[in-house]
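Peer 1: For any residue, its number in the working numbering is found by taking its place in the sequence shown, counting from 1, and adding 239.
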Amino acid sequence: MDITLNICINDGSEILVDGFDKISFSNNVLEKTCTNTGYSWQKSYPEILNAVVENKFLIFDRHDEKDSLEYRDHSFAFRNEINEKNQPLILTTQSITTIIDMYN
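Listed below in structure tokens is the structure:
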């Protein structure tokens with residue numbers, strides 16, 4: 240994994256974003272209005288901060304389920320010998336403290 244961003248959540252947890260992971264924003268959970276990869280968001284870092292302010296939801300899709308994604312004891316992405324799963328993690332933007340650019 241090439242960590243590009245770190246999403247810091249109000250409860251003290253964090254989500255490490257790989258360059259190929261997709262982050263979308265929306266005001267309606269069923270409709271993604273603005274989607275980019277971790278690499279793209281990292282290059283346009285001020286835009287991702289503006290998107291947090293302008294939208295109600297952040298939708299996070301892990302690119303590769305072998306890089307597990309867990310939040311509050313629930314697995315959203317994983318792969319083992321028997322099963323694999325990759326579903327989006329949806330957060331309200333109010334629950335996000337900040338997003339840190341890991342390169343700068």
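Glycine is no exception: its CB is placed at the ideal position from the N, C-alpha and C atoms.
Roughly how many whole angstroms lie between the Cα atoms of I248 and E270?
Peer 2: Position 9 of the sequence shown holds residue 248. Position 31 of the sequence shown holds residue 270. Distance between the alpha carbons of I248 and E270 is about 22 Å.
Peer 1: Does the region 295-311 come into contact with the region 263-278, if we say contact requires no fewer than three beta-carbon pairs (one atom in each stretch) closer than 8 Å?
Peer 2: Flag = yes, the region 295-311 and the region 263-278 touch.
Peer 1: Would T243 pass as a contact of Q281 if the rule is Cβ separation under 8 Å?
Peer 2: In the sequence shown, the residue the question calls residue 243 occupies position 4. In the sequence shown, the residue the question calls residue 281 occupies position 42. Closer than 8 Å, so yes.
Peer 1: Taking 6 Å as the limit between beta carbons, can you name the residues of its chain near I287, skipping five residues before and five after?
Peer 2: For this step, residue 287 is matched to residue 48 along the sequence shown. Answer for I287: W280, I338, listed in chain order.
Peer 1: Going straight from the alpha carbon of N343 to that of Y284, what length do you get?
Peer 2: Mapped onto the sequence shown, residue 343 falls at position 104. Mapped onto the sequence shown, residue 284 falls at position 45. About 10 Å.
Peer 1: Quick one: residues in its chain with C-beta nearer than 6 Å to the C-beta of Y310, no 5 flanking neighbours on either side, listed in chain order?
Peer 2: The residue given as residue 310 occupies position 71 in the sequence shown. The residues are L328.
Peer 1: Short check: CB of V291 to CB of T331, under 8 Å?
Peer 2: Within the sequence shown, numbered from 1, the residue matching residue 291 stands at position 52. Within the sequence shown, numbered from 1, the residue matching residue 331 stands at position 92. No, Cβ-Cβ distance for V291 and T331 is not below 8 Å.
Peer 1: List the endpoints of the continuous beta strand (DSSP E) containing N249.
Peer 2: The residue given as residue 249 occupies position 10 in the sequence shown. That residue, N249, is in no beta strand (DSSP E); it is neither H nor E in DSSP.
Peer 1: Since C265 and N294 should fall inside the 8 Å C-beta cutoff, what is the C-beta to C-beta distance between them, to a whole number of angstroms?
Peer 2: Against the sequence shown, residue 265 aligns to sequence position 26. Against the sequence shown, residue 294 aligns to sequence position 55. The residue you asked about is not Cys; residue 265 is Ser in the sequence shown. Indeed they touch by this definition, with Cβ atoms about 6 Å apart.
Peer 1: Is K261 buried or exposed, if buried means 16 or more other CB atoms sit within 10 Å of its CB?
Peer 2: Position 22 of the sequence shown, counted from the start, is the residue given in the question as residue 261. So K261 ends up on the buried side.
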